[in-house]
Structure formats: C-alpha cells, structure tokens
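Chains as they are written, first to last, in this note's numbering: chain A, 810 to 1321; chain B, 810 to 1321. Reading through the structure tokens given below for one structure.
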C-alpha cells in the first residue's frame, strides 16, 4: 500500500487529480485499469481513471461537499494500491458548481444560483493554432456567452478542410491535399487513407482540450462537449462498437471531473449512417454509469429530433426544424418534453451561401428574445465570410457580427426574473410573447409579480394593459436592439404604454 | 308589348342596362319582380332585374360574345312586356373580360391574358366623403394594385366609429355619439337603437357603389366585394334568413353584370355569431343560381378556414393563421385545396397597436415575394397611425407605407412567367423558394425554361447552380427591395452567382 501525498486541499466542485506511475508494457489504454474511491462524510464516489501516456495514470475527482476526504486507488495498472486524504474547502466566489436542471424547464448551478444560458457554437475552436485559441478566449471573455458547444473530434466540412492541431489517436490521417471545396463530400467515407490505432489514444489531444475546458471554466463558461459528430473524413464516426465504447470511457474518465462539462452525445446524430438508436442508448448508458456527477446530457439533431423524453436526456438540444419558425416553437417543445429547451442551432448570423448560416443580426437577436421570453434558451453562431475563411461557428477567432453585442443586455434582464426561469404566459394576446416567472400561479386572472412582454418584429405604437384596479407596477420600455431601458413610472388599473412604433420592443412590468 | 330603344351597341363584357318604368305602389323591392332574357348566337342568358327607386326598374346584362342580340323584359313590375335588340361590339383594348381561374391555381381574364393579382384591402373606402374617395382612386391609379377588397355594408370597429355616407336600407341608425374607443365593442348587438326597414333598400347606396366599381373597372382593378361582414353596430349582420336572401338577390341583380366584380361572401365568416354553415351555403347557392357570369366566389376567415374544398368556392381567400408563418404556407394550401391561394390578409404594414396591423414594409414585401414565388397571390393593407385616423386598410386615402412602391416591380416580374402562373419547385433546396412555370414538367431532373429563386430574409453571398452541361441560361440578380435587376450574362453547366449578402434577393434564370 502506497501513501500518496496528493494536493492536500481542493475547493468544492474543483478537480482533485491523483497521478501515479504504472505499467507501460502492452497497451495501457486497453490492458490495464485504474479506479479511485473518494470518500467524505456525505459521499463516496467511485471513478475510473485513465492512462495519460509516459507511464502515468490519473484519477480525477470533483467533490460536492466540504470537509475531509480519503481516497483509495486500485487497479491492474500497478501491483501497488494507493491511498491518501485531502480536505475540501468552500467554493470560491465564482464557483457555483455544475449546472443542473431546475424548475423542470430551467437551469441553476448546484449552489442554487440561476443559470441563464447564452450559448454559442465554435465546433473546433480548440483544435486551431495557439494564437487563434487565444483570440477566441479573448472574444469569449468580452462576450456574454456562458456556454460553448465544441467537438472532441476534428471537423470535416465546407470551410473546414484543414487539419486539426492534433488527433485523438495515434496514427496518420489521409492526405488532405487532395481536398477541394468541390470534392470534399467524397471524402466522408472515413477509412480511405487513414491509419489510426483506435486502441491507442493520443493523450496530448485530450490534455489540450482539458486546458481549454479549464480556461472556459475560469471565465464562467460551460463546455458543452460534442463527443461524436458526423462531419468526418478520418473514420472517427465509423468506429466499431468496441472502439466507440473505449472512446466513451476514456472521455468520461478524463473530463467528468470538470464542473463546467456538459455531455452532448452528438451533433446531428441523425446524419450518422453507421449508428443506430441502440448505439446512442448504449453511449448514454455508459455516461449514466461512469459519470458520478450527473453532468447535463443531450443529443442534437439535424432534421429528426431524438426522443428527448428518454430519461437520460436532461434537456432538449434542438436544431430548428423549420426555416421560418424556430424560437417560436419553444412553447410546444416545453409542453411536449417537460424539460429545458436549449436551441443550440437556430441558424447563424452571417452571409455564407447556406441558409443555416446567413441570417441578420436583428433576426438572431429576435430569436434570442423570442426563445428567452418563451422560457427557452437560445444559442448563437456566426458565419461571416472573410478572406482567411475563419468562421466563428467553427474556428472561433473574432466576432464579426452585431447580435452578440446584445446578449449581455438580454442576460441582465433574464437575471431580473423572480425565482428561476420564465415561462410563456397562457393568457397572453395573440400578437405578443408574454413571459412570467416559472413559479407564477397558473390561474390566468391572478396578477403575477413580473411580466415581460416582447413584440418581436411587430411595431405597436402603444399597448394597453389591465390587470386589476389595485396592483401597482413599475413600467419599463425596453428597446432590445438599441439596448435602452426607459422608466415609465408606476401605473395601476387600466393603463396605456406608448411605444416608438419600431421593431424589437419589450415592456417590463414589475409589481411595485 | 313595348319596343325599347336601348343603347344600340355595347362592348363585349361591358354592361347593357335596360331601364323601364313600372309599378311603385306597395313595396316594389318585394312585391314586384322583373326578369330579362338576353339572346345572341352563342348564349341565352336570363337575369333578374331590380327596383332602383322612383318608379324605375333596371335589368343589366354582360354579353360574353360579339354579334347581334335580342332581349325580352317581363315580370310583375309592369303589365307590359318589353323587347328590343342590340349589337355587341369587340372588347376594347383594356377590356379583357372577367377574371377566371386558370391552370388550377391561377387566374386569367376571359380573353386568356394572365391575371397576376396584387390585392389591397380598404374595407369601406367607398363609404367615405367624395374628397376621400377621389384621393383613394388617385392612390390606386398610382399603384400596382389590380384588386381591392371592400364591403357593401358600413364597418364598425376600432378606428371605424364614424357614420358611412349612406346606408343600404331606409331607416335610421343608432345614435353614434355614445361611442368611444373604449366602449365600442358593447355596440355590436346590432338591434339597439337602429330603425331599419330591411325590406326597403336605399338605391342611392348601391348606385354609389356601382359608380365606384365602374371607376375601378376603368383602372383595371377587380372589385372583390365583401357582401357580409361581422363588424357591425347596425344589425346588418343579424338579419333574418328571409332578409338576408332578399339582400343577396338585390346585390346580385345590381352588381353581377360588372365584369370586375368578385363575390367575397364574408369577411371573417367565423365571427358571425348568428350564422351557420347552412346559411353560408344557402347564400352560395343563391349566387350560383343568380349570377349567370360565374364571377369568382370566396369566403374569408378570421381564425378557422371555411371548407375551401366546397365546389362553389373558386379560390381560397385566406387570412393568415399563424403570426410567424403566412405566405410560407401557400405550398400546403395549394396541395390541400387545388385552387388559387389568395392571401387576402397576411397582416398589414403599419404601426397600430394590433399585431395584425404593424409589420414593416420590408416584411410585407417579403411576404408578397414568398407568396408569389410559391404560386400564391398576396394581399396588402396599411394601418399607419395618423392625426386624422384615416387608415388605408379601412378608409383609403393616401398610402403612407413603403411596401406598395415595390409591387409594380414584382408584378412586372410575375408577368414574365412563361404560360400562366408560377408553382413552387419540388426540387428546391431547403433554404430557398424556387418558382417554375405551372406548366413545367413534373420531373425534377428535367430542366425548366424558367426559374425564379427567392432568398427571403437570408443573405447568401453567392449561390451555386447546376442543371446539366448543355442548357444555357440568362442570369439576372434581382434586389426585390431596392428594385434593381442586374444582368449577369449567359451561363451553363456548373455556375456560381455572386450576391450582395443582403436580404430580399432573387435570382432569375431564363433558358436562353
């Protein structure tokens, strides 16, 4: 029995990592196992570790409680067993724990702080050059985004014909010099010319991603990890079931202890020609078994929704299914699935040739407000053509659009919601979106504490309100595009609110 | 037997009117009848006449063929019978005859000229002052509108609390001085305070409307007559079945001979509390029996569609049912009803408080293009607040918006369609509306003579096209908002069309 002097202190919801040397003969990724058991007063957690190359094995643990813990590391990786102890200190000021589902349709950090998701998508930002990554992190820092979707595997697609900075496996990729914008679709077979050992991971690839997750965490950004995706010329989307399962175990062992990780099983699961629903269900089962922290789990569609009512699906990760109605459908999806509705793709602001990537900033911002006021969570992306072919949606870099500048304003207003989350008010008029707190009474006639009316592309010059004779409201007129808030004083009874007759206006009423 | 010297010549599809004196004792509207039989080489038409007041009865006839005709007038209105003859001369240059359904989903004048409907709505423009009417006619003359919807009965609604210039019946209306914007909904009962003789029409009311129809005809504008509507404080929407039928007979006898008349049975039939489907079917039967010219017939909804598959319905007169998708649904309505789809209400350009009346000019123009490129027919209206409360949608007057300035441009392009009418191309990509001629081959792979691609609010910076190696196309890039057409020369094989990355662009391809 070895006694390990691990770091002696770790913050609650931070990562305690135990690194030990072990056997490096045979194939350590496959032939040896390592397990850790972490025990404190309130929890005993068993997690798998992983081989990190160079004869080093690691086990990571995220404590959910303060106080003294012990641990014990065992496995075939070594003839020795290891144990030790450590203390979990209170969470730091910016550390609210992992994000959980709250109030059925919403999210909150584990410490109870509401989490209003403002997502963006940069599929392989972390597989670009150091310089580009630094630029992306700076862009994120300057933005309101608190969630980012990205892939572990590199991406092969239009505007994505380059090589990633590293590969997840040992081996060699096909020769990408043959690729052009015209022929790239021919190279999605996945086997041609690639030489990978799907039983030997490249730890450097994963260490780098961990570093990126860590940096996101320090900026308060959730890492919505897309573990599989179909835009592939390397064969990573066409591995065998045994290879897939090995990958899933490795990914979970490495990433699960990071509190800001979300599991997105796939981007566009329905485009995988070689996977069945049984495969996706098997991956989900692996997560449920191996992730003791119950990170959020979702699976994203291209055309056909996955059955989001499956119990392992914590929230709906939706790509809009209709060119004209996207955020507007949040109401019916909420009703159908009774889970948080995250609109991870509602088209991107930009001007590329594809219809999913060329809406205006105004329309993107409108979709954000529509989604938010309907009690859903919108997601952003940017696809502006530029000389270097560096598109935010895939590569990160700099933000070129206008919508992202409006999201902090929206987020600030979302944070004013009493309780956790907004819901679409059943008593709203046909030509408005009216949000009330999720906890508000179901009775239509019962006056709520808070109303947020959104008029979308409509341009009323005024609106009239009546709730009852007594209740006094603080009235504010919000220009969601120009980001102004006008205080209109206190009103009661029947009252009229003058509006500028422009698009994208909102009216906020707070019970005084 | 009296021999009448009627006007001896009339143009084909013009109105021949026979006026004769008759009995004026009792109630001539009810107690006496008059019928005309008009016979030429190709047709013998029997029509009812009507009492026009002052002891005068009239019978009107619209001939559909050139050549010599005879007529014979009989009835209880007189102890005499009358007969005579006249000659029908060729239609004048601007006279194409009544509009008919053509190619299942489209319209053409009876002489075969395609009719691309560009409609507007001014519910009671003709019941305003002479000055206002003259202003409306001038606005229409300066516009591209070739159809206008309006009511025979006056309208009671928000912004419509004034009195009409005349009433359809003898009697007295309720005292409208009690009305305010806040209480007007209480006065839709219809009986309170009104004193009408529903068996005695006011011929002046109808003569004035005829004059308006005539003036529209001379400008090439179809008069889509809304014969009944629910926005009523006078009781005209709550008459008995016998009174309704009397009204329908009178309306048809007076108006049917005008070639530019369309019958809209109702605006928002589903808001009539006192009418059943059986009533609407009975009115339709009266039209089918009494209108020998088979003018177009439709019935307009508020929320619930009438069953447009009823055989008497010549085309669907649709009010959009969804706040976000309107013109976009033309495809499915075409498929469902196999009739022309006329979008008589897709919201109005304006800034009033109601969501049906405050969209932007850009959005209205977009809906026009969406509808047109999907093989449907869009309709306009304007509801801009102004000091006089004169809103085009109801009163006519001047046009204050921006969308109407773009309709001539659209109409010119619609007129370039080979054959009659466009249809949505089944082989279009998900992010475009592609129109091809209605007559084009069903086979997707067969290259068509003509394509009109519309990109709506999307902003592609370019699009790529490929049909086959041989076919050469004349390529034009259309900015539907700025009304510019750029000639891009002739292209064949695989070709790329650069676009400005703005909204509302279209690409027109004509086989060279």
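Yeah, the Cβ is synthetic: ideal placement off N, Cα and C, and Gly gets one too.
- Item | Within chain A, partners of residue 1162 of chain B - CB distance below 8 Å | 1269, 1270, 1271, 1272 and 1273
- Put residue 1032 of chain B into one of helix, strand or coil per three-state DSSP. strand
- Check whether the region 1218-1232 of chain B touches the region 1136-1156 of chain A, counting contact only when three or more Cβ pairs, one atom from each stretch, lie closer than 8 Å. no
- Continuous beta strand (DSSP E) assignments of at least 3 residues falling wholly in the region 1159-1183 of chain B: none
- Item | CA-to-CA distance, residue 1120 of chain B to residue 1399 of chain B, given in whole angstroms | For residue 1399 of chain B there is no data in the structure shown, the boundaries of chain B being 810 and 1321.
- How about the region 1163-1172 of chain B and the region 1295-1311 of chain B: do they share at least three Cβ pairs that are nearer than 8 Å? no
- Item | Nearest residue (CA-CA) to residue 962 of chain A, options A/1108, A/922 and A/976 | A/976
- residue 1048 of chain A to residue 884 of chain A, Cα distance in whole Å? 27 Å
- Go ahead and pull the three-state DSSP assignment for residue 1114 of chain B. coil
- Under 8 Å between C-beta atoms of residue 1077 of chain B and residue 1038 of chain B: yes
- Task: Quick one: which residues of the region 1177-1205 of chain B get their C-beta closer than 8 Å to a C-beta of chain A? List them in chain order.
- Result: 1194
- Task: Look up residue 897 of chain A in the DSSP assignment and give the residues it is bridged to.
- Result: A/819 and A/876
- DSSP state of residue 959 of chain B mapped onto helix, strand, coil: strand
- Task: Rank B/881, B/998 and B/1003 by C-alpha distance to the C-alpha of residue 984 of chain B and give the top, closest one.
- Result: B/1003
- Compare the C-beta of residue 1310 of chain B against all C-beta atoms of chain A and say whether one is closer than 8 Å. yes
- Query: So, are the CB atoms of residue 1203 of chain A and residue 933 of chain A less than 8 Å apart?
  - Reply: yes
- Query: Any Cβ of chain B within less than 8 Å of the Cβ of residue 1077 of chain A?
  - Reply: no
- Thinking just about the alpha-carbon of each residue, which of A/978, A/1319 and A/972 is nearest to the one in residue 986 of chain A? A/972
- Task: Sort out for me which residues DSSP pairs residue 1316 of chain A with in a bridge.
- Result: A/1262 and A/1286
- Kindly list, in the order they appear in chain B, the residues whose Cβ is closer than 7 Å to that of residue 1288 of chain A. Simply none; closest approach about 15 Å.
- Leaving out five residues on either side along the sequence, give the residues of the same chain with a beta carbon under 8 Å from the beta carbon of residue 1275 of chain B. 1302, 1303 and 1304
- Task: Determine the closest residue to residue 869 of chain A out of A/858, A/1300, A/863 and A/1205, with distance taken between C-alpha atoms.
- Result: A/858
- Query: By the 10 Å Cβ neighbour count, where 16 or more other Cβ atoms means buried, how is residue 876 of chain B classified, buried or exposed?
  - Reply: exposed
- Item | Beta carbon proximity, residue 949 of chain B to chain A, threshold 8 Å | no
- Would you kindly work out how many angstroms separate the C-alpha atoms of residue 1165 of chain B and residue 944 of chain A, rounded to a whole number? 45 Å
- Task: Please classify residue 1097 of chain B: is it buried, with 16 or more other beta-carbons within 10 angstroms of its beta-carbon, or exposed?
- Result: exposed
- Rounded C-alpha distance that separates residue 824 of chain B from residue 867 of chain B: 12 Å
- Query: How about residue 1152 of chain A and residue 1180 of chain A: do their beta carbons lie closer than 8 Å?
  - Reply: yes
- Message: Please tell me whether residue 1132 of chain B has its Cβ less than 8 Å away from any Cβ of chain A.
- Response: yes
- Message: Let me check you understand the geometry: is the CB of residue 825 of chain A closer than 7 Å to at least one non-hydrogen atom of the ligand COA?
- Response: Inclusion of the ligand COA in the displayed structure is not the case, the ligand content being empty and no account of it being possible.
- Query: Which of helix, strand or coil does DSSP assign to residue 1045 of chain B?
  - Reply: coil
- Task: Using a Cβ-Cβ cut-off of less than 8 Å, give me the residues of the region 1133-1156 of chain B that come near chain A, in sequence order.
- Result: 1133, 1134 and 1137
- Query: Taking buried to mean at least 16 other C-beta atoms within 10 Å of its own C-beta, is residue 919 of chain B buried or exposed?
  - Reply: buried
- Message: Check whether the region 905-916 of chain A and the region 1102-1121 of chain A touch, using three or more Cβ-Cβ pairs below 8 Å as the test.
- Response: yes
- Exposed or buried, residue 847 of chain A, counting other C-beta atoms within 10 Å across all chains shown (16 or more means buried)? buried
- Quick one: Cα of residue 954 of chain B to Cα of residue 1201 of chain B, how far? 13 Å
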